[in-house]
Amino acid sequence: MRLSRSAKVVLGIVSGLVLLFIYTPLMLVVVNSFNADRTFGWPPKGFTLEWWGKAFDSPGVRDAVVSSVWVAVVATIISLVLGTLLAMSLQRYKFFGRDIISLLVILPIALPGVVTGIALNNMFTTILGVPLSLWTVVIAHATFCMVTVFNNVIARLRRTSAGLEEASADLGAGVFTTFGLVTFPQLRSALLAGGLLAFALSFDEIIVTTFTIGAGETTLPIWILQNLFRPNQAPVVNVVAVVLIVVSIVPIWLAQRLSGDSVGVSGARVKAD
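So the sequence shown is numbered by full-length UniProt numbering: it starts at 1 and just counts up by one.
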């Protein structure tokens, strides 16, 4: 499909306006993290690194960062295991109810965060009688983070022939040997991309975390919410928000590059065949 020159110009202008609308507020947060004016007057009267120094010296911020990283890492590991197993079982085997299970696996990421948070809170506190803690946050995050891994792995499996796995089994290799030497190398980039997306999704999650975190514990997004309207903490909040932006952008960018490279490799392989 070819577009006329005028259509390209209109689409370019519209795209530019949309991106400007989305990213201008984020750029204001970045600028205000260096703004010497505590009230964030515009234009900035000067730039300073004072707020960055206070953010790095704040015990509350450090503890929140450590908690967020720990939750995101553990939730990502759980998501990689469960998402991969689910994708392989649903793609490689045919059984009754497979489509329903596939829908149920994807559903958590489509549900509103408030609904998921309330449901998990009721399950932990009412049904299981488990006290809320960072572990309950990990379990809660894994329920929707594994969807990103599942989607990446099942998409790769659909483009990968099962013939190599069958040949490995015919040659006497066991299930784990076949997975380690045949299946895993084909899924490696999809797993890495899904894991990066899961990490980014967990690191900045706030709604589900609010309903499943224990008293006295905090993550970085929760810390931002608690200190957002405190005048003395407002400049530091901007710094923490910039850190969240960077931590979110880098994994997503890497995942996009990995997904793009894998598609290109798959396309070249199909063309060569």
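Backbone N, C-alpha and C define an ideal beta-carbon position, used for all residues, glycine too.
All figures in this text were calculated on a predicted structure; none of them were measured in a lab.
For residue 242, the closest alpha carbon among the candidates 46, 4 and 55 is that of 55. Each of 73, 123, 35 and 157 was checked against the Cα of residue 44, and the nearest Cα belongs to 35.
For secondary structure counted as the alpha helix (DSSP H) over 4 or more consecutive residues, the region 184–228 holds these complete runs in sequence order: 184–203, 207–212 and 220–227. The alpha-carbon of residue 99 is positioned some 37 Å away from that of residue 18. Put simply, the backbone Cα of residue 58 is about 52 Å away from that of residue 7. In the structure shown, the three-state DSSP call for residue 122 is helix. When DSSP states are grouped into helix, strand and coil, residue 232 belongs to the coil group. For the pair of segments examined, the region 168–184 was found not to touch the region 199–207: the number of CB pairs separated by less than 8 Å stays below three. Taking residue 211 as the centre and dropping the five residues before and after it, the same chain places the C-beta of 117, 118, 120 and 121 closer than 7 Å to its C-beta, in chain order.
Taking C-beta separations shorter than 6 Å and ignoring five residues to either side along the sequence, the partners of residue 164 in its chain run 182, following chain order.
Assignment of residue 144 by DSSP, reduced to helix, strand and coil, places it in the helix class. Between residue 204 and residue 185, the CB-CB gap reaches or exceeds 9 Å.
With 16 or more neighbouring CB atoms inside 10 Å of its own CB, residue 33 falls in the buried class.
Residue range 59–92 is occupied by the alpha helix (DSSP H) that includes residue 59. With fewer than 16 neighbouring CB atoms inside 10 Å of its own CB, residue 25 falls in the exposed class. If you look at residue 162, you'll find it isn't in any alpha helix (DSSP H); DSSP assigns it neither H nor E.
The region 70–80 makes no contact with the region 164–175, as fewer than three CB pairs between them are under 8 Å. Excluding sequence positions up to five before and after residue 239, its CB lies within less than 6 Å of the CB of 33, 51, 52 and 55, all in the same chain and listed in chain order.
The beta carbons of residue 206 and residue 225 sit closer together than 9 Å. The beta-carbon separation of residue 105 and residue 147, rounded to 7 Å, stays under the 8 Å limit for a contact.
DSSP places residue 176 within a helical segment (H, G or I) once states are collapsed to three. For residue 99, the enclosing alpha helix (DSSP H) has its first and last residue at 98–110. Under DSSP, residue 21 forms no beta bridge with any residue.
For residue 253, the number of other beta carbons within 10 angstroms of its own is below 16, and it is reported as exposed. In terms of Cβ geometry, residue 152 and residue 110 do not form a close pair [threshold 9 Å]. Residue 150 holds the alpha-carbon nearest to the alpha-carbon of residue 87 among 150, 95, 248 and 161.
Distance check between residue 28 and each of 250, 247 and 237 places 237 closest, using alpha-carbon atoms only. Excluding residues up to 5 positions away in sequence, nothing lies with its Cβ nearer than 8 Å to the Cβ of residue 94 in the same chain.
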